[in-house]
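> Mind looking over this structure? Questions follow.
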Amino acid sequence: MAKVILFDLDGTLLPMDTEQFVQHYLKELAPRVAHMTDPHEFIKALLAGTNAMLTNLEPDKTNEQVFEATFLSLLPVSREDIWPILDDFYQTIFPTFSYLCQPTETARKVVDAALEQGFRIAVATNPVFPRAAIYHRLTWAGIHDVPFEIVTVYEESVFTKPHKEYYQYICDKLSVDPEDCIMVGNDKQEDMSASQLGMKTFLVEGNVIDRGEPKYTIDDQGTLEELYEKIMKREGLFA
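Pasting the structure below:
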């Protein structure tokens with residue numbers, strides 16, 4: 029019997045068009061560093077740093093450390109100069125992006141139901157954003173006060189989706205076997221890749237992302253409301 033449910037955030041517990049959100053994020057962030065570096069070069073460095081996180085498999089570096097090394101190597105700025113600007117952006121400007129999401133009360137119902145049914149729960153969002161940005165999104169989803177055992181953020185996490193090492197990292201943190209976990213998400217590649225380790229997977233319909241390949245096992249799927257019903261009734265994967 030499964031003991032742990034891992035929830036993706038963007039597009040799963042927080043319905044959104046992820047690509048639209050990222051484009052708006054970049055459009056708003058780049059001009060704020062124009063006084064110290066070219067905005068186009070800044071975006072190139074930001075994307076290169078993100079790609080470094082997405083490809084890194086070194087277990088002794090947090091995602092933040094991986095990002096920082098690549099990002100700063102491409103810009104004529106110091107961490108001391110640019111980080112306060114980035115931190116202020118995440119604290120004051122990023123929260124205004126909530127209108128790009130479509131929060132649903134069902135998200136809270138789902139995680140409350142999981143707790144009520146005795147499951148351990150964690151947020152397995154791809155940890156390529158700082159803690160502040162991720163917790164703002166938890167707030168928009170109405171679940172910031174839920175006692176998740178882990179929320180993966182880039183300051184603390186090692187590895188990223190879709191690497192199986194990311195899911196093993198979470199299992200190690202929770203001291204559970206992959207076979208005891210169910211990964212719930214909307215991305216057929218990033219989230220369903222958890223099946224490589226033996227986790228069961230549930231695909232949330234509504235904002236499904238599918239790049240075509242590779243294909244991973246999907247054990248069950250449905251809307252958030254259907255997920256809620258299955259958890260409450262202890263049906264299927266949640267029996």
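Residues 29 to 267 (this note's numbering) are what the sequence shown spells out, left to right.
Glycine included, every Cβ here is placed at the ideal spot set by N, Cα and C.
As the structure is a prediction and not an experimental result, all values here were calculated from the model.
1. With the cut-off set at 8 Å, would you say Y256 and V151 are in Cβ contact?
2. Given K228, which residues of its chain have a CB within under 6 Å of its CB, disregarding the five upstream and five downstream residues?
3. Which same chain residues, not among the five before or five after P155, have their C-beta less than 6 Å away from its C-beta?
4. Do you know how far the Cα of E108 is from the Cα of L100?
5. I need the boundaries of the beta strand (DSSP E) containing F70, first residue and last residue.
6. The alpha helix (DSSP H) that contains D109, what's its start and end?
7. C209 lies in the beta strand (DSSP E); which residues open and close that run?
8. Just to confirm, are V212 and D45 a CB contact at a threshold of 8 Å?
9. Going by beta-carbon coordinates alone, are K189 and E218 separated by less than 8 Å?
10. If we count Cβ pairs, one from each stretch, closer than 8 Å, do we get three or more for the segment 71-80 versus the segment 161-175?
11. I'd like to know if the segment 55-74 and the segment 126-144 are in contact, where contact means that at least 3 CB-CB pairs between them fall below 8 Å.
12. CA-CA distance, Y127 and P43?
13. With DSSP as the reference, identify every bridge partner of I33, one or two as the case may be.
14. Using a Cβ-Cβ cut-off of 7 Å (strictly less than) and excluding sequence neighbours within five positions of P87, which residues of its own chain qualify?
15. On the DSSP bridge assignment, give the partners of V232 in chain order.
16. Look up V179 in the DSSP assignment and say whether it is helix, strand or coil.
17. Are the CB atoms of A58 and F70 within a distance shorter than 8 Å?
18. Just verifying my parser: in three-state terms, what is the DSSP assignment at M220?
19. Which of the three DSSP states is assigned to D173 in this structure?
20. Closest by CA to V236, which one among G226, Q224, D115, L252?
21. Can you find the residues in the same chain that come closer than 6 Å, C-beta to C-beta, to R159, ignoring five residues on each side of it along the sequence?
22. In angstroms with no decimal places, state the Cα-to-Cα distance between A30 and I149.
23. Sort F157, D200, V174, K258 by Cα distance to V94 and report the nearest one.
24. Is S203 buried or exposed, if buried means 16 or more other CB atoms sit within 10 Å of its CB?
25. Assign S106 to buried or exposed, taking buried as 16 or more other Cβ atoms, counted over all protein chains shown, within 10 Å of its Cβ.
26. Do L231 and Q249 have their C-beta atoms within less than 8 Å of each other?
Quick look at the numbers:
1. With contacts defined by Cβ atoms closer than 8 Å, Y256 and V151 do not form a contacting pair.
2. Cβ neighbours of K228 beyond the five flanking positions: I210, D247, L265.
3. N91, T180, V181, Y182, S185.
4. 11 Å
5. Unbroken run through F70 is the alpha helix (DSSP H), 67-83; no beta strand (DSSP E).
6. 107-116
7. Run containing C209: 209-213, per the beta strand (DSSP E) assignment.
8. no
9. Yes. Within cutoff.
10. no
11. no
12. 11 Å
13. I149, I210
14. V186
15. V232 is bridged to G250.
16. V179: strand per DSSP, three-state reduction.
17. yes
18. Reduced to three states, the DSSP call for M220 is helix.
19. Note: D173 maps to coil in three-state DSSP.
20. L252
21. These residues qualify, in order along the chain: V181, E183.
22. 11 Å
23. F157
24. That one is exposed.
25. Residue environment: S106 is assigned as exposed (fewer than 16 neighbouring CB atoms within 10 Å of its CB, all protein chains considered).
26. Yes, Cβ-Cβ distance for L231 and Q249 is below 8 Å.
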